[in-house]
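Enquirer: Numbering (the UniProt record's numbering), first residue to last: 1 to 574.
In this text, a Cβ means the ideal position worked out from N, Cα and C, and glycines have one as well.
Input: one structure, supplied below.
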C-alpha cells in the first residue's frame, strides 16, 4: 500500500499501479479512480419553526467542487433516526412532522458525486411545545375565577398563566392544568392567556374570555332565599320520612336499600313484543320514560373508594363516572409505583359469562399505557370503539394506537398495526400486540364504529345491528375468550348500548324473549349510568322491534333531542 499526502478535499484522482522487477522490467499498469473525502460544512444552525418543524441551515465548505456536493442530513431523537438527502448546492432543509417539545440532534454531511462523505457537523434544538387546545372557565364567582385547560400533546415543563386585570396578573407559573385568580370585579369579562412552557421555550398563546358572576344581591334577599330553602328542605325531609315509615321496611342493607323496590327484569315474549312496544311508545314514549326512570337509582349506593383516591383522580376522564369497587378491573402493580393497578374500567356481563365485556372510558394521554396493559392482562382479542377521537371540536378519546405501520411501545407493550380496512360506517384494524420481555405475539382486532352522530342516537337501527353481528361473529370464532373491551368517551352511554344490544340479540335467538330493562339493570349494578340517556334506552327497544319484525325503519321515533348525550356526563343526575 501507499499513502499519498497533500491531496485536495473532494477531488477525484486517477491512480496507476505497475509491478517493477529488480532488473527494472515493468508490468502492465492497473488504473483506478478514487475521490478524497470532502470537507465538512463550516457551520450549522437548527432553528425552531413550529411545534412540529425545525429548519436546518448550513454553510458549505470552501472546496473547489462544493457546487457539485449534495448533503446528507441525519436526524435523531429518542423516538428514532431519520435520513434526508438534499440536491446539489442546497444550504437548508425544513424538517416536518416532528413531535412537540422533543429534542432533535441534526448532523450534516457533505457528499461528493462519487459518494465519498465528510465528517459530520452537528447541532441540536427542541421543537416548540404545543399550546393547550382548549381553556374552560369552570368555576366562577363575583370575585374569583378558576380556569382549566386541556393537556397539550408532547412534552412540557409547566404553564404560564396571565389575566388582563388591573393590576395585571402576569406569568403565574404552574405545573397543573388549573389556575385561580382572586380579587376580581363582579360582572367583568377577562381574557385568560395560557402559554405552555418547556424549560425556556414558550409556546404560542392560547386565550379564552371568562366573565365573573354579577355582583351579589342584597343581603336581605340572600337571607330570605336561604330561609325559604331551609323550609323547603325541612318539608321534603318530613314528607320523605313519613313516606318511608309507611312504605319501606326497615331491614335493608348494602345496595339493596335502593334497589330492592326496583324490579330486576321485565321480560316480554317475542310474539307480543310489538304490542308492548306500541303501548309504551304512545304519548311521546311515556311508558318507556317511566321504565327508564325506575332504573335511575340502581347500584348507586356502592362504594367507589379506589376511584376516589387522590393518586387516581387524574386517571378519571369525568369526575362523576367512577367505577364501583365490586366490579373494578384491577391491573398488576408496577414496581415502586403506588396505585398503578387502577384503571377506570368495569367488568360487564354478557349473554355467556359474567365478565364477557369490560366497559371503560376512552384513554387519556396519561392512561394509554394502562389501557394496553389491560388488553394484555385480560387476554382480550377485540377492542370496540364507539366514538371518534374528536367530536364537536372536543377531544373525546386519545388516539391510543400507532398512527401508521410503525410499531409503538406503551410502557412494556409494543403495538403494531398489521392491517386496516376503512368502510363508510366503521373501520377494522388488526393489531399485533407483544410484551417486550416475552416472545408471544397476539392479534387484537379493533372494531371502530364511526357513524354514531354527535348528538343522540343513530338515525336507523340497521347499521348498528350489522356492526354488532360482525363483532359477534368474530367473537364466536375466538379461542382465547378474554374479556372484550368496549369504550366510548365516558364508557357508559354508547358503550352500554352496544353491550346491551349484543346481549339482547342473543337472548331473542336463544329464549324468544326480550328484556331490555333486565340487561340495563344488570349493567347498572356494575357501572353507573350504563345506557345513559332515555333515547338510548328507547333505541334499544327499537332495535329489538326491528329485529323481531325484520322491518328496519328510518323515522326518528326513538330520538329525544332533549336528552344529554353521554359525553356531557358532568350534568347527569341519573
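Hey, residue 162 and residue 37: beta-carbon distance below 8 angstroms or not?
Expert: For this step, residue 162 is matched to residue 162 along the chain shown. For this step, residue 37 is matched to residue 37 along the chain shown. Cβ distance not < 8 angstroms, so residue 162 and residue 37 don't count as in contact.
Enquirer: CB residue 345 to CB residue 495, shorter than 8 angstroms?
Expert: Sequence index remark: in the chain shown, residue 345 carries index 345 (1-based). Sequence index remark: in the chain shown, residue 495 carries index 495 (1-based). For residue 345 and residue 495, no; Cβs fall outside 8 angstroms.
Enquirer: Cutting at 8 angstroms between CB atoms, please list the residues of its own chain near residue 315, excluding the five before and the five after it.
Expert: The residue you call residue 315 lines up with position 315 of the chain shown. If we look at residue 315 and ignore the five residues flanking it on each side, its Cβ neighbours are 342, 343, 344, 364, 366, 367 and 370.
Enquirer: State the beta-bridge partners of residue 34 as determined by DSSP.
Expert: Stepping through the chain shown from its first residue, residue 34 is reached at position 34. DSSP, once it has assigned bridges, lists 13 as partnering residue 34.
Enquirer: Classify residue 422 as buried or exposed, calling it buried when 16 or more other Cβ atoms lie within 10 Å of its own Cβ.
Expert: As a position in the chain shown, residue 422 is number 422, starting the count at 1. Residue 422 should be labelled exposed.
Enquirer: Measuring only the C-alpha atoms, how far is residue 7 from residue 116?
Expert: Position 7 of the chain shown, counted from the first residue, corresponds to residue 7. Position 116 of the chain shown, counted from the first residue, corresponds to residue 116. Near 15 angstroms, if we compare the C-alpha coordinates of residue 116 and residue 7.
Enquirer: Between the Cα of residue 407 and those of 349, 401 and 416, spot the shortest distance and give me the residue it belongs to.
Expert: Along the chain shown, read from residue 1 onward, the residue named residue 407 stands at position 407. The candidate whose alpha carbon is nearest that of residue 407 is 416.
Enquirer: What is the rounded straight-line gap between the Cα of residue 353 and the Cα of residue 311?
Expert: Numbered from 1 along the chain shown, position 353 holds the residue referred to as residue 353. Numbered from 1 along the chain shown, position 311 holds the residue referred to as residue 311. Using only the alpha carbons, I get a separation of about 32 angstroms.
Enquirer: Can you look up residue 510 in the DSSP assignment and give me helix, strand or coil?
Expert: Numbered from 1 along the chain shown, position 510 holds the residue referred to as residue 510. Three-state result, residue 510: helix.
Enquirer: Mapping DSSP to helix, strand and coil, what is residue 1?
Expert: The count along the chain shown starts at 1 and reaches residue 1 at position 1. Looking at residue 1 - three-state DSSP - the assignment turns out to be coil, as it is neither helix nor strand.
Enquirer: Output yes or no for whether 8 angstroms exceeds the beta carbon distance between residue 433 and residue 413.
Expert: As a position in the chain shown, residue 433 is number 433, starting the count at 1. As a position in the chain shown, residue 413 is number 413, starting the count at 1. Their beta carbons are under 8 angstroms apart, which means residue 433 touches residue 413 by this criterion.
Enquirer: Figure out for me which residue from 387, 96 and 172 has the closest Cα to the Cα of residue 195.
Expert: The residue given as residue 195 occupies position 195 in the chain shown. The option with the nearest alpha carbon to residue 195 is 172.
Enquirer: DSSP three-state call for residue 288: helix, strand or coil?
Expert: Here residue 288 refers to the residue found at position 288 of the chain shown. Here residue 288 sits in helix by DSSP.
Enquirer: Does the beta-carbon of residue 16 have 16 or more other beta-carbons within 10 angstroms, so that it is buried, or is it exposed?
Expert: To locate residue 16, count along the chain shown from 1; it is residue 16. By the neighbour-count rule (16 or more Cβ atoms within 10 Å), residue 16 is not buried but exposed.
Enquirer: In or out: residue 145 buried (at least 16 other Cβ within 10 Å) or exposed?
Expert: Taking the first residue of the chain shown as 1, we reach residue 145 at position 145. Buried, because 16 or more other Cβ atoms sit within 10 Å of the Cβ of residue 145.
Enquirer: So residue 457 is in the alpha helix (DSSP H); what residue range does that whole segment cover?
Expert: As a first step, residue 457 is located in the chain shown; it is residue number 457 there, counting from the start. Note, residue 457: premise wrong, no alpha helix (DSSP H); not H, not E.
Enquirer: Look at residue 39 and residue 9 and say whether their C-beta atoms are less than 8 angstroms apart.
Expert: Here residue 39 refers to the residue found at position 39 when the chain shown is read from its first residue. Here residue 9 refers to the residue found at position 9 when the chain shown is read from its first residue. Taking 8 angstroms as the Cβ cut-off, residue 39 and residue 9 qualify as a contacting pair.
Enquirer: Cβ atoms of residue 536 and residue 457: under 8 angstroms apart, would you say?
Expert: The residue labelled residue 457 in the question sits at position 457 within the chain shown. The residue labelled residue 536 in the question sits at position 536 within the chain shown. Yes.
Enquirer: Output the distance between the C-alpha atoms of residue 403 and residue 430, rounded to the nearest integer angstrom.
Expert: For the purposes of this step, residue 403 is taken as the residue at position 403 of the chain shown. For the purposes of this step, residue 430 is taken as the residue at position 430 of the chain shown. Using only the alpha carbons, I get a separation of about 13 angstroms.
Enquirer: Give the C-beta separation of residue 309 and residue 339 to the nearest angstrom, bearing in mind that I take them to be a contact with Cβ-Cβ under 8 angstroms.
Expert: Along the chain shown, read from residue 1 onward, the residue named residue 309 stands at position 309. Along the chain shown, read from residue 1 onward, the residue named residue 339 stands at position 339. Indeed, because the Cβ distance is near 6 angstroms, the residues count as touching under 8 angstroms.
Enquirer: Taking its Cβ as the centre, do 16 or more other Cβ atoms sit within 10 Å of residue 487, making it buried, or is it exposed?
Expert: Taking the chain shown and counting its residues from 1, one reaches residue 487 at position 487. By the neighbour-count rule (16 or more Cβ atoms within 10 Å), residue 487 is buried.
Enquirer: Here's a check: name, in chain order, each residue in its chain whose Cβ is nearer than 6 angstroms to the Cβ of residue 389, leaving out the five neighbours to either side.
Expert: By 1-based counting over the chain shown, the position of residue 389 is 389. The residues are 397 and 399.
Enquirer: So, do the stretch 145 to 154 and the stretch 176 to 190 have three or more beta carbon pairs nearer to each other than 8 angstroms?
Expert: Cβ pair count under 8 angstroms is three or more, so yes.
Enquirer: CA-CA distance, residue 372 and residue 213?
Expert: Position 372 of the chain shown holds residue 372. Position 213 of the chain shown holds residue 213. Whole-angstrom Cα-Cα distance: 44 angstroms.
Enquirer: Can you give the beta carbon distance from residue 48 to residue 160, rounded, assuming they're within the 8 angstroms contact cut?
Expert: Here residue 48 corresponds to residue number 48 of the chain shown, with the count starting at 1. Here residue 160 corresponds to residue number 160 of the chain shown, with the count starting at 1. With 8 angstroms as the limit, residue 48 and residue 160 do not qualify as a contact, their Cβ atoms being about 18 angstroms apart.
Enquirer: Tell me which residues share the same chain as residue 635 and place their Cβ nearer than 6 angstroms to its Cβ, disregarding the 5 neighbours each side in the sequence.
Expert: The first residue shown for the chain is 1 and the last is 574, placing residue 635 beyond what the model contains.
Enquirer: Can you tell me whether residue 31 is buried or exposed? The criterion is at least 16 other CB atoms within 10 Å of its CB, across all chains shown.
Expert: Reading the chain shown from its first residue, position 31 is the one you call residue 31. Flag for residue 31 reads exposed.
Enquirer: Is residue 515 helix, strand or coil when you go by DSSP?
Expert: On the chain shown, residue 515 is found 515 positions in, with the first residue counted as 1. Residue state, collapsed to three classes: coil.
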